[in-house]
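As structure tokens, the structure follows; a few thoughts come after it.
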Amino acid sequence: MRSRGNLRVIRKTPGEIETMREAGRILARVLQEIVAAAQPGVATEELDKIARARLREAGAEPSFLGYRGYPAAICVEMEDIVVHGIPGKTKLEAGTILGMDMGAVYQGFQADMAVSIPLGAVDAERRRLLEVTERALQAGMQQARAGRRLRELSAAVQQVAEAAGFSVVRDLVGHGIGRQMHEPPQVPNFVTEGAFAEYDLLLRPGMTLAIEPMINAGEPAVRVDGDGWTVRTVDGKPSAHFEHTVAVGREGSQILTLP
Ligand code: MF3
Ligand code: CO
């Protein structure tokens, strides 16, 4: 991250956006099934099995599998895991929160989506973290419209999170998406003057973005486990993550990852 230049944002035709919407529809439906299966006591590898099978049945491919060597179709984000948790034998625990992040490619186009949910009964602070993070995503999506600068989107996400007393993860950002999972621009969930050339980007119809706030209950600092993937909060407090793939429109953004 923190790269400058390379702001050649690829705008999509209406037909390409329809293909991305189909990728997003398949993805959102499979994610719904995974959410329904995500109960305390279930091993996270079971969720990955559902993802692989259902995406392929629907004619899509799991885009995460093999991406830079990532070994699964989904990322499981239990409690203090911010992103990129690898599914395995670990069982889901009541009282914690779980994020699930997944990508699909269909007819050459990508969609990327994440949701976070409570497992069993969770305390009020975790419920509030989930509610605020989802609201931060909605605030960002509202700014994903023609004529806005990207910084307005970033600021809107940050405002919701910080007004609630939570912190925005700084080391990871959202992204443009299309034929590639990651395309320019980077989509930060915060504004730090000078950090991203993207802040000045004028949003235009046909741009397609994956907006994905990662919000921590405690401090923003994160670290990567020895497996080279799992990103956790340094303070061990919970983190939540929601993501939609959207198309910038004249009136507002259109969510492409809807069932
Ligand atoms: N939504 C994440 C991203 O945009 C997921 C990619 S994880 C990986 O980077 F497994 F594919 F690496
Ligand atoms: Co993403």
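If you're matching positions, the sequence shown starts at 1 in this note's numbering and goes up one per residue.
Note that CB positions come from ideal geometry on N, CA and C, so glycine has one too.
| CB contact check: Glu45 to chain B, cutoff 9 Å | In summary, chain B is missing from the structure at hand, where a single protein chain is found.
| said: Going by DSSP, what residue range makes up the alpha helix (DSSP H) through Ser63? | reply: It is not in any alpha helix (DSSP H) - Ser63 carries neither H nor E in the DSSP assignment.
| request: May I have the straight-line CA-CA distance separating Ile17 from Gly95, to the nearest angstrom? | output: Across the structure, Ile17 and Gly95 are spaced so that their CA atoms are roughly 39 Å apart.
| message | Given the structure, does Ser239 come close to the ligand MF3, in the sense that its CB is under 8 Å from one of the ligand's heavy atoms? | response | No, the ligand MF3 has no heavy atom inside 8 Å of this Cβ.
| query | Going by DSSP, which residues form a beta bridge with Arg127? | reply | Looking at the DSSP assignment, Arg127 forms no beta bridge with any residue, so it has no partner.
| Terminal residues of the continuous alpha helix (DSSP H) containing Asp48? | Asp48 -> alpha helix (DSSP H) spans Thr44 to Glu57.
| Based on Cα-Cα distance, which residue from Gln159, Phe109 and Glu33 lies nearest to Asp48? | The shortest C-alpha to C-alpha distance from Asp48 to any of Gln159, Phe109 and Glu33 is the one to Glu33.
| said: I'd like the list of long-range same chain contacts for Ser3, defined as Cβ closer than 6 Å, with 5 residues on each side in sequence excluded. | reply: The predicted position of Ser3 is uncertain, since its pLDDT is 48 and thus under 50; a value taken from the coordinates is nonetheless stated next. Hits under 6 Å: none found.
| request: Measure the C-alpha to C-alpha separation of Met78 and Leu31 and round it to an integer number of angstroms. | output: Answer to the nearest angstrom: the Cα atoms are 16 Å apart.
| message | I need the straight-line Cα distance from Ala164 to Pro238, nearest angstrom please. | response | Roughly 15 Å between the two C-alpha positions.
| message | For Val231, report the span of its alpha helix (DSSP H) as first-last. | response | For Val231, no alpha helix (DSSP H) run applies; the uninterrupted beta strand (DSSP E) run containing it begins and ends at Val231 to Thr233, by DSSP.
| task | Report whether the distance from the Cβ of Glu243 to the nearest heavy atom of the ligand CO is below 8 Å. | result | Checking the Cβ of Glu243 against the ligand CO gives yes.
| said: I'd like to confirm something about Met181: is its beta-carbon nearer than 8 Å to some heavy atom of the ligand MF3, or not? | reply: With a cutoff of 8 Å, Met181 counts as near the ligand MF3, since its C-beta is closer than that to a heavy atom of the ligand.
| request: For the beta strand (DSSP E) holding Pro184, just list the boundary residues, first then last. | output: Glu183 to Val187 is the span of the beta strand (DSSP E), which, as asked, contains Pro184.
| query | When every heavy atom of the ligand MF3 is checked, does at least one fall within less than 8 Å of the C-beta of Gly88? | reply | Not one heavy atom of the ligand MF3 sits closer than 8 Å to the Cβ of Gly88.
| said: Let me confirm a value: Met1 is counted as buried when at least 16 other C-beta atoms fall within 10 Å, else exposed. Which label applies? | reply: Only weak support is given to the placement of Met1: the predicted model assigns it a pLDDT of 44, under 50, and the value that follows is read from those uncertain coordinates. So Met1 counts as exposed.
| request: Would you decide whether Leu153 is buried or exposed? Buried here means 16 or more other CB atoms lie within 10 Å of its CB. | output: Residue burial is scored here from C-beta neighbours: Leu153 has at least 16 other C-beta atoms within 10 angstroms and is therefore classed as buried.
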